[in-house]
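Undergrad:
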Amino acid sequence: MSAPKPERQKFGYEVLDSLLGGGLLPGKLTVIAGATGAGKTQLGLSWVHEGLRQEGHFGSIMDLTSRGDSQNHAGYLKDRYGIDLPVFDGQVPHDLSELFESDHPWGDYFHPFRQAGKRVTKGDLDPDEWHNWKVELGRTLRLAGYYLYGSMIRGSRRVMVDGVEPTDKFSESIQFEFFEYVYHQILRREHDWAARELLREQFLRNSGQVDSHAYEHQDVGCLYLYTTQHKFLEELIDEPISEGDIFANANTIILMGRTREQGRLGRALHVIKHRGSACGDEIVPYKITDAGFEFA
Numbered sequence: 030m031s032a033p034k035p036e037r038q039k040f041g042y043e044v045l046d047s048l049l050g051g052g053l054l055p056g057k058l059t060v061i062a063g064a065t066g067a068g069k070t071q072l073g074l075s076w077v078h079e080g081l082r083q084e085g086h087f088g089s090i091m092d093l094t095s096r097g098d099s100q101n102h103a104g105y106l107k108d109r110y111g112i113d114l115p116v117f118d119g120q121v122p123h124d125l126s127e128l129f130e131s132d133h134p135w136g137d138y139f140h141p142f143r144q145a146g147k148r149v150t151k152g153d154l155d156p157d158e159w160h161n162w163k164v165e166l167g168r169t170l171r172l173a174g175y176y177l178y179g180s181m182i183r184g185s186r187r188v189m190v191d192g193v194e195p196t197d198k199f200s201e202s203i204q205f206e207f208f209e210y211v212y213h214q215i216l217r218r219e220h221d222w223a224a225r226e227l228l229r230e231q232f233l234r235n236s237g238q239v240d241s242h243a244y245e246h247q248d249v250g251c252l253y254l255y256t257t258q259h260k261f262l263e264e265l266i267d268e269p270i271s272e273g274d275i276f277a278n279a280n281t282i283i284l285m286g287r288t289r290e291q292g293r294l295g296r297a298l299h300v301i302k303h304r305g306s307a308c309g310d311e312i313v314p315y316k317i318t319d320a321g322f323e324f325a
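This is the structure we're talking about:
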């Protein structure tokens with residue numbers, strides 16, 4: 030007897046969910062790629078918010094912006110859905126058993142680099158600046174593990190990563206190094222191994238709590254929003270997918286970009302990759318309104 034198919038993680042827009050064969054596959058990595066202004070953040074927040082209906086829990090947002098304005102997640106959610114976005118603003122406590130307390134303050138939004146205010150790629154930094162970033166990264170990864178593990182034991186099954194700056198080489202991006210760690214060492218590991226990575230010498234005395242807060246890591250989906258230099262959808266479709274970068278490793282890739290037709294500019298999206306699922310090959314026009322997305 031075959032195992033039941035996992036429930037797809039939907040965006041809440043019938044046109045897009047149908048294009049994806051019912052939605053995104055849980056336990057997989059999805060990349061939404063497009064230039065600034067394409068609507069990536071708004072679409073990602075629709076997916077995060079849909080977690081309330083499907084899993085009974087809002088998703089988790091990691092905003093990796095390190096300079097300039099944040100992505101205004103709170104403002105968009107307030108305007109679109111009338112909800113407040115609680116911010117995770119904690120530190121890793123000495124006694125990690127506090128993590129399992131149901132009344133321990135928590136949040137759905139995590140902005141790890143908000144006080145950095147500096148560049149994030151190796152080519153833009155001198156050796157001392159790069160070294161300082163690496164030191165700061167070590168401290169931040171510990172806090173990120175605490176946030177994500179704590180979010181998943183509280184019911185979050187969707188993680189959105191936003192604010193990643195474009196780079197010619199992923200290997201030279203502090204933001205991508207941060208993402209690679211949290212994705213492979215936390216999100217894609219079984220719950221008890223993720224707990225071991227976080228709790229370390231405190232794991233044994235908290236093992237009972239770890240067992241009672243078990244979750245299935247294959248139910249946790251991850252959405253990575255990537256800003257491209259190309260603005261037009263046609264250019265994005267023609268761009269080759271390089272081996273070893275995030276596009277090659279993603280299960281699903283959704284491209285969002287500008288279109289030009291009959292002297293008018295518009296927007297459209299296209300699903301260029303969706304492994305393990307039926308998928309439409311249409312180019313789907315859309316508009317962004319105060320009520321969300323309108324798909325043609």
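Counting in my numbering, the sequence shown runs from 30 upward without gaps.
The beta carbon of each residue, even a glycine, is placed where N, CA and C say it ideally should be.
Here the structure is a predicted model, which means the values were calculated and not measured.
1. I'd like the list of long-range same chain contacts for Gly51, defined as Cβ closer than 7 angstroms, with 5 residues on each side in sequence excluded.
2. Check for me: the alpha helix (DSSP H) holding Phe207 runs from which residue to which?
3. Please state whether DSSP places Val60 in a helix, a strand or coil.
4. So, helix, strand or coil for Glu263, using DSSP?
5. Residue range of the beta strand (DSSP E) that Asp197 falls in?
6. Out of Glu311, Ala64 and Arg171, state which residue places its alpha-carbon closest to the alpha-carbon of Gln120.
7. Would you mind sorting Lys57 into buried or exposed? The rule is 16 or more other CB atoms within 10 Å of its CB.
8. Name the DSSP bridge partner or partners of Ser89?
9. Can you check whether the CB of Leu54 is closer than 9 angstroms to the CB of Leu106?
10. The beta strand (DSSP E) that contains Leu298, what's its start and end?
11. Relative to the alpha-carbon of Gly80, which residue among Phe199, Gly41 and Tyr255 has its alpha-carbon at the smallest distance?
12. The alpha helix (DSSP H) with Tyr105 in it runs from where to where?
13. Where Tyr175 and Asp137 are concerned, what is the direct C-alpha to C-alpha distance, given to the nearest angstrom?
14. Give me, in chain order, the residues of the same chain whose beta-carbon lies closer than 8 angstroms to that of Thr70; leave out the 5 immediate sequence neighbours on both sides.
15. Can you find the residues in the same chain that come closer than 6 angstroms, C-beta to C-beta, to Val116, ignoring five residues on each side of it along the sequence?
16. Let me know the secondary structure DSSP gives Tyr315 once reduced to three states.
17. Tell me the DSSP secondary structure of Gln231 in three-state form.
18. Along the chain, where does the alpha helix (DSSP H) containing Ile275 start, and where does it finish?
TA: So, from the data block:
1. Along the sequence shown, one-based indexing puts residue 51 at 22. Result list for Gly51: Arg37, in chain order.
2. Residue numbering aside, residue 207 sits at position 178 when the sequence shown is read from its first letter. That run of the alpha helix (DSSP H) goes Ile203 to Val211.
3. Translated into positions along the sequence shown, residue 60 becomes position 31. Val60: strand per DSSP, three-state reduction.
4. Taking the sequence shown and counting its residues from 1, the one referred to as residue 263 is at position 234. Residue state, collapsed to three classes: helix.
5. By one-based count along the sequence shown, residue 197 stands at place 168. Looking at the DSSP string, Asp197 is not in any beta strand (DSSP E), and its letter there is neither H nor E.
6. For the purposes of this step, residue 120 is taken as residue 91 along the sequence shown, with counting starting at 1. With distances taken between Cα atoms, Gln120 lies closest to Arg171.
7. The residue labelled residue 57 in the question sits at position 28 within the sequence shown. Buried is the call here.
8. Reading the sequence shown from its first residue, position 60 is the one you call residue 89. The partner list for Ser89 (beta bridge, DSSP) reads Val188.
9. The count along the sequence shown starts at 1 and reaches residue 106 at position 77. The count along the sequence shown starts at 1 and reaches residue 54 at position 25. Not closer than 9 angstroms, so no.
10. As a first step, residue 298 is located in the sequence shown; it is residue number 269 there, counting from the start. Note, Leu298: beta strand (DSSP E), Arg293 to His303.
11. As a first step, residue 80 must be located in the sequence shown, where it is residue number 51. Ranking the options by Cα distance to Gly80, first place goes to Gly41.
12. Mapped onto the sequence shown, residue 105 falls at position 76. Start and end: His102 to Tyr110.
13. Start at 1 with the first residue of the sequence shown, and residue 175 comes out as number 146. Start at 1 with the first residue of the sequence shown, and residue 137 comes out as number 108. Going from the Cα of Tyr175 to the Cα of Asp137 covers about 13 angstroms.
14. By 1-based counting over the sequence shown, the position of residue 70 is 41. For Thr70, where only same-chain residues beyond five positions count, the Cβ hits under 8 angstroms are Gln100, Asn101, His102, Tyr105, Asp191 and Leu254.
15. Taking the first residue of the sequence shown as position 1, residue 116 is located at position 87. Once the five neighbours on either side are set aside, the close Cβ partners of Val116 are Gly136 and Tyr138.
16. Within the sequence shown, residue 315 is the residue found at index 286, counting from 1. If DSSP states are grouped into helix, strand and coil, Tyr315 belongs with the strands.
17. If you number the sequence shown from 1, residue 231 lands on position 202. If DSSP states are grouped into helix, strand and coil, Gln231 belongs with the helices.
18. Looking up residue 275 in the sequence shown gives position 246. Note, Ile275: alpha helix (DSSP H), Ile275 to Asn278.
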